[in-house]
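K.L.:
Starting off with a structure, shown below.
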Amino acid sequence: MPITVGSRRQAAMRAVQRGLMTGATVLASAIAWAGQDSIEQIDVVGYPLLNQKQTGDITRLLSSEGIVAASGGGVSSLPIMRGLNDDRIKLLINGAESTSACANHMNPALSYMDGSRVAAVEVIAGLAPVSLGGDSIAGTIAVDSEPPRYAEQPGAWSSGGEVGLFYRSNNRNYAESLSAWLATANVSLGYSGSNDKAESYRDGNGDTVLDTLYRSENHALTLGVRGEVQELVLRLSHQEIPYQGFPNQYMDMVGNVSNGVNLQYRHRYGWGTLETLLNWQDVKHEMGFFTDEKPGVMPMQTEGRDISYKLRAEVPVSDSVTLRIGNEGHRFTLDDWWPAVDGFMMMGPNDYVNINDGERSRYALYGEADLTFTPSWQARAGVRYERVVTDTGDVQPYNTMNMGMMPNADAAAAVIFNSRDRRQVDDNFDATLLGRYNWSPATSIEFGYARKTRSPSLYERYSWGRNTMAMTMIGWFGDGNGYVGNIDLQPEIAHTVSTTLNYEGQQPRSWQLSLTPWYTYVDDYIDADVIGTLHPRQTPTADRAALQLVNLDAELYGAEFSAGRLLFQDEGIGAVRLLSRGAYTRGSRKRDDSDLYRIMPLHATVALEHERRNWSSKLEVEWVSDKDRVDERRLENTTASYTLVNLSTAWQWRQLNLSLALRNLTDRDYDLPLGGVYLSGWIADRSQPFVALPGQGRSVDVGLRYEF
0 MPITVGSRRQ
10 AAMRAVQRGL
20 MTGATVLASA
30 IAWAGQDSIE
40 QIDVVGYPLL
50 NQKQTGDITR
60 LLSSEGIVAA
70 SGGGVSSLPI
80 MRGLNDDRIK
90 LLINGAESTS
100 ACANHMNPAL
110 SYMDGSRVAA
120 VEVIAGLAPV
130 SLGGDSIAGT
140 IAVDSEPPRY
150 AEQPGAWSSG
160 GEVGLFYRSN
170 NRNYAESLSA
180 WLATANVSLG
190 YSGSNDKAES
200 YRDGNGDTVL
210 DTLYRSENHA
220 LTLGVRGEVQ
230 ELVLRLSHQE
240 IPYQGFPNQY
250 MDMVGNVSNG
260 VNLQYRHRYG
270 WGTLETLLNW
280 QDVKHEMGFF
290 TDEKPGVMPM
300 QTEGRDISYK
310 LRAEVPVSDS
320 VTLRIGNEGH
330 RFTLDDWWPA
340 VDGFMMMGPN
350 DYVNINDGER
360 SRYALYGEAD
370 LTFTPSWQAR
380 AGVRYERVVT
390 DTGDVQPYNT
400 MNMGMMPNAD
410 AAAAVIFNSR
420 DRRQVDDNFD
430 ATLLGRYNWS
440 PATSIEFGYA
450 RKTRSPSLYE
460 RYSWGRNTMA
470 MTMIGWFGDG
480 NGYVGNIDLQ
490 PEIAHTVSTT
500 LNYEGQQPRS
510 WQLSLTPWYT
520 YVDDYIDADV
530 IGTLHPRQTP
540 TADRAALQLV
550 NLDAELYGAE
560 FSAGRLLFQD
570 EGIGAVRLLS
580 RGAYTRGSRK
590 RDDSDLYRIM
600 PLHATVALEH
610 ERRNWSSKLE
620 VEWVSDKDRV
630 DERRLENTTA
640 SYTLVNLSTA
650 WQWRQLNLSL
660 ALRNLTDRDY
670 DLPLGGVYLS
680 GWIADRSQPF
690 VALPGQGRSV
700 DVGLRYEF
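If you use numbering that gives the first Met the number 0, the sequence shown corresponds to residues 0 to 707, in order.
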């Protein structure tokens, strides 16, 4: 039988598709254990008709797996896992990594995968195996697009596709997507594309939340060639974002063009399986201003390039032992400069060079073993070594002259920076030990320890500017403060222990319960110390913090729970299910027990879902507690508790699917606890204080999808 790259995830998808929820997007929160060809724990996000592929940001899909999002642009939110943000999470798109080529992280890895292309998502928090980890301390999020489709019979041709339309009333969001494929039994060619455009959204009071408009366009080609024991998959991708507003940043995205090549090869030998991956991505990114909702004049240019490879061999030594060994390499290069602006003395006559020929190279080796001691006892153990090398060239300010009676802080900072030896070499070690014990067919416990290491990014080590304008251009925190890097930053080392208790009743109407308490201690956590006060946009009454990135120790802990049960099932009425999920997270600095930034408060979701033949509906209630634990050094805003009600329904007729949803049904006015500061609102009226970013008000969402 021909094999397919990523067969484990596809096996998981097939397992779900054999059940009631055929066609839903699959999210897996745990990995396959030895002797299994499917993912151990599979969570399907509701009924399939309510979870159709839609264009845009995919972090909403991840919310059902405990991932929360820090607001950014319309398609560029930053994921947060157990209080740890995007750079601390291993983000894999079709197995490959993508580095944010922006001082504000406006182009994070997940922004390059449009929601209409997502076929499977794997989320592993805290105890990610070393084969899926490296250069991260929070966990792993792996997102896969649709694999190649082949004709079932030799000599036959097969074809198909899908067209989708979507509209959201709140921000007049229009989106369309198209996919098509043509294949024989051994060769497959597929295309997918989408276009997504939205105006600025309105809050629960009906007021426009300024500078939240965006436009995005994505295209992808997939070529698959397979034989009896091997498969080659080539993916080509192209993305253009002509504009994207960021209401919690001083700048906006005015251009982002990305081209990517992803090549995967898998071969099954008598001794086991060999997998290889080659990936290349080139990004040209520009920040500036494009709308009257946030006026300004200042261009910023960035060019980034990722080149990576992965080699992995899996060897079943016996029925009870499976070994995995691997080698990986990843090189990221970056140039970040701010062109001079004619007529503006403070932005000329030279280009401001922020990062010049920046380079970050990683090389890794790992080994991992899956062990089955008894049918009830399983374990996984792995170790990983990485060498990370970072370096950059000389920099320059806009000019070297003093500003009237004021000294030129950037000129002095550039001299100091250029005199330093900037090359840094980190030798990092990871280790993971996981165990699983099945008490009975209904109850099990999973537990483990992980040591994870992450080296600083180029922006964390090499951002050097010291005046107000330069510092406020640096930072992916959305807090309105200014940041400067630190060449001497050390890698973060996280020690995590976690336990998951599972109960899965064996009767049709039994409960399915899961509880996961966890604890993480981070040596040399990269945080920030206050070094002064800034007055953004030369506004004397506006005080924000000047911060330098530093290492300190931190601890995070919390718990996650999920519950589900079939409440009712009848041939005429259909099936009704209850689903619930919630989480609590606390993060603090060991030095003074002060709170870390962007820690999500206690929150929970409860949903009732109904399905009858070709009709599905869901009533969902989201509750978020007060956010009163805030990072005072970053001047983080508190936010009030709120409850949102969402109602959705979908109907399938042959190849046609229609969906309707009412988001924030009661038009609740609320502030986003992880949204940062509403800077675009402050820029429009600088007499007002810095307030939290408002959330989106009521919206009517309509979707249509047709398969052919």
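Where is the CB? At the ideal position from N, CA and C, for every residue including glycine.
For a test of the three-state rule: what should DSSP assign to Y520, helix, strand or coil?
P.N.:
In this structure, Y520 counts as strand in the three-state DSSP scheme.
K.L.:
Bridge partners for Q229 per DSSP, in chain order?
P.N.:
Answer is H266.
K.L.:
Quick check: what's the CA-CA separation for F289 versus L209?
P.N.:
Their Cα atoms are separated by approximately 12 Å.
K.L.:
Note the first and the last residue of the continuous beta strand (DSSP E) segment covering L710.
P.N.:
Look at the range of the chain in this structure, 0 to 707, and you will see that residue 710 is not part of it.
K.L.:
Measuring CB to CB, does L678 end up less than 7 Å from G479?
P.N.:
Yes, they are a contact pair.
K.L.:
Taking just the CA atoms, how far does H494 sit from G557?
P.N.:
Rounded to the nearest angstrom, the two C-alpha atoms are 14 Å apart.
K.L.:
As a quick exercise: from E274, R234 and L60, pick the residue whose alpha carbon is nearest that of S130.
P.N.:
Comparing Cα-Cα distances from S130 to each of E274, R234 and L60, the minimum goes to E274.
K.L.:
Buried or exposed: M405, going by 16 or more other Cβ atoms within 10 Å of its Cβ?
P.N.:
Exposed, because fewer than 16 other Cβ atoms sit within 10 Å of the Cβ of M405.
K.L.:
Examine the Cβ distances between the stretch 525-540 and the stretch 502-514 and report whether three or more of them are shorter than 8 Å.
P.N.:
With the cut-off at 8 Å, the stretch 525-540 and the stretch 502-514 do not touch.
K.L.:
Only counting the same chain, and skipping five residues up and downstream in sequence, which positions put a Cβ closer than 6 Å to that of R435?
P.N.:
Same-chain partners within the cutoff: Q377 and E445.
K.L.:
Compare the Cα-Cα distances from P338 to each of M286, L61 and G357 and report the closest residue.
P.N.:
Answer by Cα proximity: M286.
K.L.:
Look at L661 and L703 and say whether their C-beta atoms are less than 7 Å apart.
P.N.:
In this structure, L703 does not lie closer than 7 Å to L661 by Cβ.
K.L.:
Could you compute how far the alpha carbon of L291 sits from the alpha carbon of R171?
P.N.:
Note that residue 291 is Asp in the sequence shown, not Leu. If I take the Cα positions, the gap works out to 18 Å.
K.L.:
Assuming the contact rule is C-beta atoms closer than 8 Å, P490 and D526 should be a hit. Round their C-beta distance to whole Å, please.
P.N.:
That pair is no contact at about 14 Å.
K.L.:
In terms of alpha-carbon separation, which member of T665, F428 and A562 lies closest to Q695?
P.N.:
It is T665.
K.L.:
Using a 10 Å radius around the Cβ and a threshold of 16 neighbouring Cβ atoms, would you call W602 buried or exposed?
P.N.:
The question names Trp, but residue 602 is His in the sequence shown. By the 10 Å Cβ count, H602 comes out buried.
K.L.:
Between W475 and H104, is the Cβ-Cβ spacing less than 7 Å?
P.N.:
In this structure, H104 lies closer than 7 Å to W475 by Cβ.
K.L.:
Could you have a look at S698 and say whether DSSP puts it in helix, strand or coil?
P.N.:
In the structure shown, S698 sits in a strand (DSSP, three-state: E or B).
K.L.:
Consult DSSP for Q423 and reduce its assignment to one of helix, strand or coil.
P.N.:
Strand.
K.L.:
Report the rounded CA-to-CA distance for D409 versus Y249, giving the unit in angstroms.
P.N.:
Roughly 19 Å separates the two Cα atoms.
K.L.:
Starting from the C-beta of E175, find all residues in its chain whose C-beta is less than 6 Å away, skip the five residues before and the five after it, and write them out in chain order.
P.N.:
Here the set comprises L164 and N194.
K.L.:
When you compare the CB positions of L546 and Y482, do they come within less than 7 Å of one another, or not?
P.N.:
Contact flag set, yes.
K.L.:
Near V690, which residues of its chain fall below 8 Å by C-beta distance, leaving aside the five closest residues on each side in sequence?
P.N.:
Excluding sequence neighbours, V690 sits near N636, D670, V676, Y677, G680 and W681.
K.L.:
What is the rounded straight-line gap between the Cα of P688 and the Cα of T540?
P.N.:
Approximately 9 Å, taken between the alpha carbons.
K.L.:
Based on the DSSP output, what are the partners of W337 in its beta bridges?
P.N.:
For W337, which the question treats as bridged, DSSP gives the partners Y351.
K.L.:
What first and last residue would you give for the beta strand (DSSP E) that runs through W614?
P.N.:
It spans W614 to V623 - the beta strand (DSSP E) in which W614 sits, taken as one unbroken run.
K.L.:
Spell out whether any CB of chain C is found under 7 Å from the CB atom of L177.
P.N.:
Absent from the structure: chain C. Only one protein chain is present.
K.L.:
Where do the N-terminal and C-terminal ends of the alpha helix (DSSP H) with W376 fall, by residue?
P.N.:
No alpha helix (DSSP H) holds W376; the beta strand (DSSP E) holding it covers W376 to D390.
K.L.:
Please list the terminal residues of the continuous alpha helix (DSSP H) segment that includes E459.
P.N.:
E459 -> alpha helix (DSSP H) spans L457 to Y461.
K.L.:
Output the boundary residues of the beta strand (DSSP E) element that contains F446.
P.N.:
Counting along the chain, the beta strand (DSSP E) containing F446 begins and ends at T442 to R453.
K.L.:
Please classify I306: does DSSP put it in a helix, a strand, or coil?
P.N.:
Looking at I306 - three-state DSSP - the assignment turns out to be strand.
K.L.:
Just verifying my parser: in three-state terms, what is the DSSP assignment at A412?
P.N.:
A412 falls in the helix class under three-state DSSP.
K.L.:
Does I415 pass the burial test, meaning 16 or more other C-beta atoms within 10 Å, or should it be called exposed?
P.N.:
Exposed, by the Cβ-count rule.
K.L.:
Whole angstroms are fine: how far does the CA of V228 sit from the CA of H266?
P.N.:
Their backbone Cα atoms lie some 6 Å apart in a straight line.
K.L.:
Can you tell me the Cβ-Cβ gap for R234 and Y149, rounded? I've got them flagged as a contact below 8 Å.
P.N.:
So it is not a contact: roughly 16 Å between Cβ atoms.
K.L.:
So L83 and A108 are in contact, right, with Cβ under 8 Å, and what is the actual spacing, rounded?
P.N.:
Between A108 and L83 the Cβ distance is about 15 Å, and since that is not below 8 Å, they are no contact.
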